[in-house]
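Asks: Protein sequences appear in the order of chains A and B. Residue numbering for the first sequence follows the working numbering, starting at 178 and increasing by one per position. Residue numbering for the second sequence follows the working numbering, starting at 12 and increasing by one per position.
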Amino acid sequence: MHNTTLTSPQLDAIFAALADPTRRAILSRLASGDASVNELAQPFDMSQPAISKHLKVLEGAGLISRGQDAQRRPRRLEPKPLAVANEWLERYRKHWEGNYERLDALLEELKTAETPKRRNTRGKKT
Amino acid sequence: MTPTTNSRALEISTPSDREICMTRVFNAPRRLVFDAYTKPELLTRWMGVMPGWSWVVCDIDLRVGGGFRYLWRGPDDFEMGMRGTYLEVTPPHRIVSTEQFDEKWYEGECVETVTLEETDGRTTLIMLLRYDNQEVRDSVLQSPAASGMEAGFSNLDALLRTLER
């Protein structure tokens, strides 16, 4: 739990951004290097405005940023928010795994508590 | 990574883009699992008691239209709370309730359905969370964490592996 700096609206924005397959594909593409809007638009067979719309969502979620080159304005992946989002999901899973392991222990205890009653009916005591 | 061969493993799936389903098998009859889920003195012994966290409020009014209120306190006095209303209560088989965290992880409400199936003294617990995103369906920035969680569970691992290369 070393990074809990993201607020829930920020997490919402990240998860919402990741919910779209095109945007996930854009992130994967950017993982192999910075790319301009034009370069990003080509493999997706989408218009530049459509891609720009997706980029705006990704940028709003902090998942990408713009490079220095004023001409190309290349987009760059910002991996940190993604890692934080993943950490959050892992915590969610771990949270429930922890809950259910404690429930296992409690259920064993409840079952054991019931057993002596049955033994008593057979006249056996410990 | 996590072995799935273990029958007690927690399975998480996403039946639709609005739902999350968790399945877990317990080695106990379902009336005990039902009790552990619905009696405050039992629920407070397992749910949310992570290291550093303790229960502050656990109120359960187990009837249709009744409500529940949970509040935990964690490190640095950070509090996490949730509340909801029971829509269906069928002991020891099914509980349907709304639920909402005090801190909004998602837009709108979530409906939780807990189903308990018993076979040979073992209970399969199925927890289905259905998120409401009618209003925000077309508005990507407002779409709930739930849809992102689908992306999370099914794609984020793969995506992260790509990024790590």
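Glycine included, every Cβ here is placed at the ideal spot set by N, Cα and C.
Compute the Euclidean distance between the alpha carbons of Pro155 (chain B) and Arg201 (chain A), then round it to the nearest angstrom.
Replies: Residue placement at Pro155 (chain B) cannot be trusted, given a pLDDT of 38 that sits under 50; what the coordinates show is reported in the next sentence. Computed Cα separation, rounded: 17 Å.
Asks: Assign Phe89 (chain B) to one of two classes, buried (16 or more other C-beta atoms within 10 Å of its C-beta) or exposed (fewer than that).
Replies: exposed
Asks: Assign Thr292 (chain A) to buried or exposed, taking buried as 16 or more other Cβ atoms, counted over all protein chains shown, within 10 Å of its Cβ.
Replies: exposed
Asks: Under 8 Å between beta-carbons, which chain A residues line up against Arg56 (chain B)? List them in chain order, please.
Replies: Arg279 and Leu283
Asks: Could you have a look at Gln225 (chain A) and say whether DSSP puts it in helix, strand or coil?
Replies: helix
Asks: Comparing alpha-carbon positions, which option in B:Cys121, B:Leu127, B:Arg84 and B:Arg133 lies nearest Ile31 (chain B)?
Replies: Looking at B:Cys121, B:Leu127, B:Arg84 and B:Arg133, the one whose alpha-carbon comes closest to that of Ile31 (chain B) is B:Cys121.
Asks: Rounded to a whole number of angstroms, what is the C-alpha to C-alpha distance between Arg252 (chain A) and Arg268 (chain A)?
Replies: 30 Å
Asks: Count Cβ pairs between the stretch 127 to 145 of chain B and the stretch 31 to 51 of chain B that sit closer than 8 Å; are there 3 or more?
Replies: yes
Asks: Buried or exposed: Gly59 (chain B), going by 16 or more other Cβ atoms within 10 Å of its Cβ?
Replies: buried
Asks: Could you give the uninterrupted runs of the beta strand (DSSP E) lying entirely in the stretch 96 to 136 of chain B, keeping only those of 3 residues or more?
Replies: 105 to 112 and 121 to 130
Asks: How long is the line joining the alpha carbons of Tyr277 (chain A) and Glu22 (chain B), rounded to whole angstroms?
Replies: 12 Å
Asks: Could you check what DSSP says for Val214 (chain A) in three-state terms: helix, strand or coil?
Replies: helix
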